[in-house]
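Trainee:
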Amino acid sequence: MTLPLEDVKVLDVGTLTPGKYCTFLLGDLGAEVIRVERPIRVDAPEADRLSDEDLILNRNKKSITLNLKAEAARQVFYQLSEKSDVILESYRPGVTKRIGIDYETIKEINPRTVYCSLSGYGQDGPYSQLPGFDLVFMAIGGLLSLVGGPNKPPIVPGLYLSDTAAGLLATIGILAALLTRERTGQGQYLDISMLDGAFSWLALACGSQYPGQAPPAMMDSSPGYSVYQTKDGRHIALGIGRQQSWESLCKALDRKDLVDRQSVTGKKREEILSFLEQVFKTKTRDEWVSQLRALDIEIGPVNTPSEAFSDPQILHRQMVVEVDHPVKGRMKQVGIPMKLSETPGEIRRAAPLIGQDTQDILQELGYTSEGIGQLRKAQAI
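Residue 655 is where the sequence shown ends in this note's numbering, and the numbering goes up by one at each step.
1) What is the C-beta distance between S217 and E356, in whole angstroms, given that I count them as a contact (C-beta under 8 Å)?
2) Cutting at 8 Å between CB atoms, please list the residues of its own chain near E311, excluding the five before and the five after it.
3) Measuring straight from C-alpha to C-alpha, what distance separates V421 and D398?
4) On a Cα-Cα basis, can you pick out the residue from K651, L614, Q653, G645 that is closest to T276?
5) Need the endpoints of the beta strand (DSSP E) that K557 sits in, please.
6) Just confirm the distance between the C-beta atoms of I621 and N334, as a whole number of angstroms; I'd bet it's less than 8 Å.
7) Counting C-beta neighbours from all protein chains within 10 Å, is the total for V284 16 or more, i.e. buried, or is it exposed?
8) Can you tell me where the alpha helix (DSSP H) with T632 in it begins and where it stops?
9) Does the Cβ-Cβ distance between G461 and V388 come in under 9 Å?
10) Between I588 and D302, is the Cβ-Cβ spacing less than 9 Å?
11) Going by DSSP in three states, E363 sits in which element: helix, strand or coil?
12) Can you give the Cα-Cα distance for M593 and D585, rounded to whole angstroms?
13) Please name the residue or residues paired with P575 in a DSSP beta bridge.
14) Per DSSP, which one or two residues make a beta bridge with T603?
15) Do the CB positions of T445 and L290 come within less than 9 Å of each other?
16) Anyone know if the C-beta pair for L527 and V501 falls short of 9 Å?
17) Here's the rule: buried if 16 or more other CB atoms are within 10 angstroms of the residue's CB, otherwise exposed. What is T642?
18) Considering only C-alpha positions, which residue in the set D359, P313, D328, S358 is nearest to K343?
19) Just grab the DSSP bridge partners of Y499 for me.
20) Look up D465 in the DSSP assignment and say whether it is helix, strand or coil.
21) Do three or more CB pairs link the stretch 570-578 to the stretch 505-519 at distances below 8 Å?
22) Are the beta-carbon atoms of R366 and S325 separated by less than 9 Å?
23) Within 10 angstroms of its Cβ, does A624 collect 16 or more other Cβ (buried), or is it exposed?
24) Look at L442 and A472 and say whether their C-beta atoms are less than 9 Å apart.
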């Protein structure tokens, strides 16, 4: 069985989490991904060769080390570029031009290249040279102010939302550019910004009715749309979005008087929230989930990551897989979320150590043992 991207070759040039996530998705769909990374000492500790993040995000990839400041290493990179469909990099704007691997240079070598630059603020603008990480982009993009509630300070989310958004946008942009290339025969340049990705999510919270601000419903919970603690100290997420579900809940709690009060505000709203907070503490999390699911009410347990890995629906969807790693042994990982009927993705190999495939890749380019030795002597690899 073929893989949807099995003929696509990708150079992943020293990207951080958003770029790794992008090529993680492309690799699962069959793309041949080569990570181009900086050389490290031969005696470097294992932690420098394989991070916890790399164990997941670098599966289905190969790794070559190149010191791109060295001319000999750049020549290797140019040879790889000739055979590549996609190049993804996440240096600060201007760096690729200084070291000679920018889009204009690569375009002369391979005009069919889809070249994606993934940076914090984008390739231009007043912030383009500023440093930043996920939380900063969420803050500037307006997302962080929505995590919390009225008169409450924003809270730090438990995962990197800006990184995820940027990685997904890069993936979509690359696939769109590859599709366009099928019609035109030409590659193109993609400029993906983590700030742009974070800000784009405001489309889910704001609209023409609320230009420049989030509607009140997005800023705070309502009685039927909130998180509640249960008897066993765990939590349930109540996500009622239908009037019939609210009615079912009120009847189940013997409070028919609240049927038309789902959207009340002020003191009455606080009274209903207080009532629900107390009533949900009378049973365990799983008891409430079982009871309310039977009534077709939108509810779910607030799972820890460990519990999520054991959730029956997630297991049924094959979103938990086991991968054998030569260093770490057998380990559980997140599965492939894109379910294609005819060309499903596949995990073909575990994450490599940094530089693990350097010699094999160079030999495929035609380098002899002597030539590879010269590159090592020149500290190009």
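Each residue gets a CB set at the ideal place from its N, CA and C atoms; glycine is no exception.
Here the structure is a predicted model, which means the values were calculated and not measured.
Mentor: Taking the structure as given:
1) In the structure as shown, the chain begins at 275 and stops at 655. Residue 217 is therefore absent and cannot be evaluated.
2) Non-local beta-carbon contacts of E311 in its own chain, meaning distances under 8 Å to residues more than five positions away in sequence, involve G288, S337, I338, T339, L340, I628, G629 in chain order.
3) 29 Å
4) L614
5) Segment: none, K557 is in no beta strand (DSSP E) and carries neither H nor E.
6) 6 Å
7) buried
8) 632-638
9) yes
10) no
11) In this structure, E363 counts as strand in the three-state DSSP scheme.
12) If you take the alpha carbons of M593 and D585, they lie about 10 Å apart.
13) I510
14) Inspection of the sequence shows that residue 603 is occupied by Gly rather than by Thr. DSSP output for G603 lists H599 as bridge partner(s).
15) no
16) no
17) By the neighbour-count rule (16 or more Cβ atoms within 10 Å), T642 is not buried but exposed.
18) P313
19) S496, G513
20) strand
21) yes
22) no
23) Only buried fits A624, as 16 or more other CB atoms lie within 10 angstroms of its CB.
24) no
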